[in-house]
Amino acid sequence: MSRHQNSIKGDEPAVTNLMQLWRNWLDRNVYDLARQMRLSYVPPLMVYLAAGLSGLTGIVGTFFVKEYLGLSAEFLAALSFWVMLPWALKMPLGHLVDLLWRYKSGLIYLGAALIASSLLIMTNLLADLDFMTHLMPAENWYILASLLAPIGYVMQDIVADAMTVEAVARFDEQGKPISQEQILLAHTTMQTLGRVAIIGGTLLVAIANVYLFSGVETMSAAEKAAVYLTVYHWALLIPVISIFGVLLSSWQRSQEEWRLAALGYEFADIERLLGRPVTELPEINWWLLGGGLGFTLFAAIMGLADVRSNEEIVFAGSLVIVLFLMWHLTQELAVRERNQLFGTALVIFAFRAVPTTGAGETWWMIDVLDFDQQFLSQLSLITSALTLFGMFLFRRFMAERPITYIVAVLTVTLTLLYLPNIALFYGVHEWTQAHTGGVVDARFIALVDTALESPLGQIAMIPMLAWIANSAPQRLKATYFAVMAAFVNLALSFSQLLTKALNQWFVITREVKDATGTVTVSADYSELGVLLIIVMLLSLALPMLAILIAKRTFLAEQQ
Numbered sequence: 000m001s002r003h004q005n006s007i008k009g010d011e012p013a014v015t016n017l018m019q020l021w022r023n024w025l026d027r028n029v030y031d032l033a034r035q036m037r038l039s040y041v042p043p044l045m046v047y048l049a050a051g052l053s054g055l056t057g058i059v060g061t062f063f064v065k066e067y068l069g070l071s072a073e074f075l076a077a078l079s080f081w082v083m084l085p086w087a088l089k090m091p092l093g094h095l096v097d098l099l100w101r102y103k104s105g106l107i108y109l110g111a112a113l114i115a116s117s118l119l120i121m122t123n124l125l126a127d128l129d130f131m132t133h134l135m136p137a138e139n140w141y142i143l144a145s146l147l148a149p150i151g152y153v154m155q156d157i158v159a160d161a162m163t164v165e166a167v168a169r170f171d172e173q174g175k176p177i178s179q180e181q182i183l184l185a186h187t188t189m190q191t192l193g194r195v196a197i198i199g200g201t202l203l204v205a206i207a208n209v210y211l212f213s214g215v216e217t218m219s220a221a222e223k224a225a226v227y228l229t230v231y232h233w234a235l236l237i238p239v240i241s242i243f244g245v246l247l248s249s250w251q252r253s254q255e256e257w258r259l260a261a262l263g264y265e266f267a268d269i270e271r272l273l274g275r276p277v278t279e280l281p282e283i284n285w286w287l288l289g290g291g292l293g294f295t296l297f298a299a300i301m302g303l304a305d306v307r308s309n310e311e312i313v314f315a316g317s318l319v320i321v322l323f324l325m326w327h328l329t330q331e332l333a334v335r336e337r338n339q340l341f342g343t344a345l346v347i348f349a350f351r352a353v354p355t356t357g358a359g360e361t362w363w364m365i366d367v368l369d370f371d372q373q374f375l376s377q378l379s380l381i382t383s384a385l386t387l388f389g390m391f392l393f394r395r396f397m398a399e400r401p402i403t404y405i406v407a408v409l410t411v412t413l414t415l416l417y418l419p420n421i422a423l424f425y426g427v428h429e430w431t432q433a434h435t436g437g438v439v440d441a442r443f444i445a446l447v448d449t450a451l452e453s454p455l456g457q458i459a460m461i462p463m464l465a466w467i468a469n470s471a472p473q474r475l476k477a478t479y480f481a482v483m484a485a486f487v488n489l490a491l492s493f494s495q496l497l498t499k500a501l502n503q504w505f506v507i508t509r510e511v512k513d514a515t516g517t518v519t520v521s522a523d524y525s526e527l528g529v530l531l532i533i534v535m536l537l538s539l540a541l542p543m544l545a546i547l548i549a550k551r552t553f554l555a556e557q558q
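Under numbering that gives the first Met the number 0, the residue at position 124 of the sequence shown is numbered 123, and the numbers go up by one with no gaps.
Structure (structure tokens):
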């Protein structure tokens, strides 16, 4: 036997071991999740899928603002603050869902109507801009559409959270109680599948955008507008998907009622097996409802009032209200569990509160780096696909590590991956392109950076969702989801405030032309480099500081 044959034979055990490790990993992280899937999980997953598909119009919206509207980066950051604010309404609405458990599907229909209204406004703007601007300025229509959609998605998200609780069976097919350990495992599986549905929706969106924007670089303005209109027409299917989720849930319940009736169960027993038991129905929490109503009125009044720094005032008032409601709601938890929840929430808040560069960076990529609609769609496709893969890849990592460790690793990694953005601004792609025969250009660097960064985006939220599903009082699952989501979503509002402030200090403008083609605002990206550096430093400092505070206060007992 030759030396070459001996070498091949010696490598066979190593190859076999690697294949066995790969099969074990797939079994633990992918197949095991599939084995835990239940038909009852599908209705809430359809609502989550609709939420993921909501990004279908994201790229079109970016180019619509750039090509048709004269809104500044600072104004868009302020608008983003108000767009995020409805998510704080999950507090009172979440408690109402717990109280009106049997009638929660009505919110899905109302949310679908609001989403459809937003999409129809944008559709008509693209189809007949002159008619729409005759009724109201295009900027006002865009603002209205931007505010209607998130309110609709908030309503649907609240119900989806409640449906995830209902989807987990408490009795087997023979009517025997399922063990608490199995129920807790099912809740964790349900939350993971919910994230998979959302990211799966964004993946489908990215694939659709890559196809629809194929050849966009050679299209005329009219052809681009036709593609934009097609995207919004397809987007009208999004509210339909969520409605089908509710209809499927009703059909499943009806089928289960007939099955139990055939087994001889009386109506009262069927209600006991399929509905929430009386012991799980919560009492009205007037603090929560009153605080939620107070928050809503406060935000609405301040939003309509012509007060300087009203976004900052709304944020401060909202944060005080939410913190008070969190404190009041968690009084029935043990001290250790309460501190664990507060510490986790603080770290997640800081992680999500880091600012962004705003719309200016995207404008710069479009104008200077020549990133068109199709390439941005390709970046979105890579992000969605690798995020979905990352959720499976890091599943055990999330389950076996404390939240402070997870966020610290994510923070440092994302900071390092932010460096290529800064390097692109200062022209590193010109050097790499010249020394690699044009292979490593700006698009190559952006693709690689996106591929490395994208799996990390959704990871930090899953531990908190799993904690709520497993540890929150059974009768208040939707309420806990709503309150904690309101707190975490306020972090996104704070992020937009920081982004707005940074855009005030470092002014970035794109070229704006009037109806005659005269340039009214010149493009100026000279301050973007400093802005990128400051955003990177804040993205590192804020989460690490929160981890230090949490470990020395709320999480000190956990160590």
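Beta carbons: idealized from backbone N, C-alpha and C, even for Gly.
task: Closer than 8 Å by C-beta to Thr122: which residues in its own chain qualify, once you throw out the five before and the five after it? Chain order, please.
output: Leu228, Tyr231, His232 and Leu235, listed in sequence order.
message: Could you check whether Pro238 and Val406 sit closer than 7 Å to each other, using their CB atoms as the reference points?
response: Taking 7 Å as the Cβ cut-off, Val406 and Pro238 do not qualify as a contacting pair.
message: With distance defined between alpha-carbon atoms, name the residue in Ile320, Val367, Val439 and Gln373 nearest to Pro91.
response: The residue with the shortest Cα to Cα distance from Pro91 is Ile320.
task: Give the single residue among Ala352, Thr56 and Ile206 whose Cα lies nearest to the Cα of Ser145.
output: Distances from the alpha-carbon of Ser145 to those of Ala352, Thr56 and Ile206 put Thr56 closest.
message: So, under 8 Å CB-CB, Leu52 and Gly200 are touching, yes? Tell me the CB distance rounded to an integer number of Å.
response: Yes, they are in contact, since the Cβ atoms of Leu52 and Gly200 sit about 4 Å apart, within 8 Å.
task: Drop a sphere of 10 angstroms on the beta-carbon of Glu149, count the other beta-carbons inside from all chains shown, and report buried for 16 or more, exposed for fewer.
output: In the sequence as presented, Glu is not what sits at residue 149; that position holds Pro. Around the Cβ of Pro149, a 10 Å sphere holds 16 or more other Cβ atoms; the residue is buried.
query: Under a three-way DSSP split, which group does Thr519 fall into?
result: Thr519: strand per DSSP, three-state reduction.
task: Work out the CA separation of Gln339 and Leu536 for me, nearest whole Å.
output: Rounded to whole angstroms, Leu536 and Gln339 show a C-alpha spacing of 28 Å.
Reference Ala522, options Ala261, Val226 and Val511, closest by Cα: It is Val511 whose Cα lies nearest to the Cα of Ala522.
- prompt: Opposite Lys512 in the DSSP bridges: which residues?
  reply: For Lys512, which the question treats as bridged, DSSP gives the partners Val518.
task: Could I get the ranges of all uninterrupted alpha helix (DSSP H) runs contained in the region 274-330, with 4 residues as the minimum, in chain order?
output: List check, alpha helix (DSSP H) in window: 285-303 and 309-328.
Cβ distance (whole Å) where Phe424 is taken to contact Leu527 below 8 Å: About 6 Å separates the two Cβ atoms, so the contact holds.
- prompt: Are there three or more Cβ pairs, one per stretch, closer than 8 Å when the region 380-393 is compared with the region 192-206?
  reply: Yes, the region 380-393 is in contact with the region 192-206.
message: Taking 7 Å as the limit between beta carbons, can you name the residues of its chain near Met83, skipping five residues before and five after?
response: For Met83, where only same-chain residues beyond five positions count, the Cβ hits under 7 Å are Asn488, Leu491, Ser492 and Gln495.
message: Measuring straight from C-alpha to C-alpha, what distance separates Ala549 and Leu192?
response: Each residue's alpha carbon lies about 29 Å from the other.
message: Please identify the residue among Arg169, Gln190, Trp504 and Arg194 whose C-alpha is closest to the C-alpha of Val182.
response: The sequence shown places Ile at residue 182, not Val. With distances taken between Cα atoms, Ile182 lies closest to Arg169.
- prompt: How do the region 258-265 and the region 96-115 stand: do at least 3 beta-carbon pairs fall below 8 Å, yes or no?
  reply: Not touching, per the Cβ criterion.
field: Proximity of His428 and Ile444 at Cβ, strictly below 7 Å
entry: Contact: yes.
task: Using a threshold of 7 Å, state whether the C-beta atoms of Leu75 and Ser116 are closer than that.
output: In this structure, Leu75 keeps its C-beta atom at 7 Å or more from the C-beta atom of Ser116.
- prompt: Going by Cα to Cα distance, which pick from Thr132, Ala77 and Ser213 is closest to Arg307?
  reply: When each option's Cα is compared against that of Arg307, the closest is Ala77.
Residue range of the unbroken alpha helix (DSSP H) whose run includes Val438: Segment: none, Val438 is in no alpha helix (DSSP H) and carries neither H nor E.
message: Within 8 Å, do at least three Cβ pairs link the region 328-344 to the region 408-420?
response: Taking a contact to require three or more Cβ pairs closer than 8 Å, the region 408-420 and the region 328-344 do not qualify as touching.
- request: Taking all protein chains shown into account, decide if Thr329 is buried (16 or more other Cβ within 10 angstroms of its Cβ) or exposed.
  value: Buried, because 16 or more other Cβ atoms sit within 10 Å of the Cβ of Thr329.
field: Where Val214 falls, given that 16 or more other Cβ within 10 Å makes a residue buried
entry: Inspection of the sequence shows that residue 214 is occupied by Gly rather than by Val. Gly214 is exposed by the Cβ-count criterion.
- prompt: Secondary structure at Ala485, three-state DSSP: helix, strand or coil?
  reply: Three-state result, Ala485: helix.
query: Can you tell me whether Thr552 is buried or exposed, with buried defined as 16 or more other CB within 10 angstroms of its CB?
result: Label assigned to Thr552: exposed.
Assigned secondary structure, Thr552 (DSSP; H/G/I helix, E/B strand, else coil): Taken through DSSP and simplified to helix, strand or coil, Thr552 comes out as coil.
query: Is it true that the CB of Leu125 sits closer than 7 Å to the CB of Ala224?
result: Cβ atoms of Ala224 and Leu125: closer than 7 Å.
task: Sort Phe391, Val334, Leu287 and Glu360 by Cα distance to Leu417 and report the nearest one.
output: First, the residue type needs correcting, since residue 417 is Tyr and not Leu in the sequence shown. The residue with the shortest Cα to Cα distance from Tyr417 is Glu360.
- request: For Ile532, I'd like the list of residues in its chain whose CB is within less than 8 Å of its CB, leaving aside the five on either flank, ordered along the chain.
  value: Correct list, in chain order: Ile421.
task: Would you tell me roughly how many angstroms separate the C-alpha atoms of Trp21 and Gly244, rounded to the nearest one?
output: If I take the Cα positions, the gap works out to 35 Å.
field: DSSP state of Asp127 mapped onto helix, strand, coil
entry: The three-state secondary structure of Asp127, taken from DSSP, is coil.
- prompt: For Val14, does the three-state DSSP call read helix, strand or coil?
  reply: DSSP places Val14 in helix when its eight states are reduced to three.
Cβ-based neighbour list, Glu311, same chain, cut-off 7 Å, excluding 5 preceding and 5 following: Annotation for Glu311: Leu496 place their beta carbon closer than 7 Å to its own, counting only its chain and skipping 5 residues before and after.
- request: Determine the direct distance from the alpha carbon of Val41 to that of Gln254, and round the result to whole angstroms.
  value: The alpha-carbon atoms of Gln254 and Val41 are separated by roughly 15 Å.
- request: Compute the Euclidean distance between the alpha carbons of Gly516 and Glu66, then round it to the nearest angstrom.
  value: One C-alpha to the other measures close to 12 Å.
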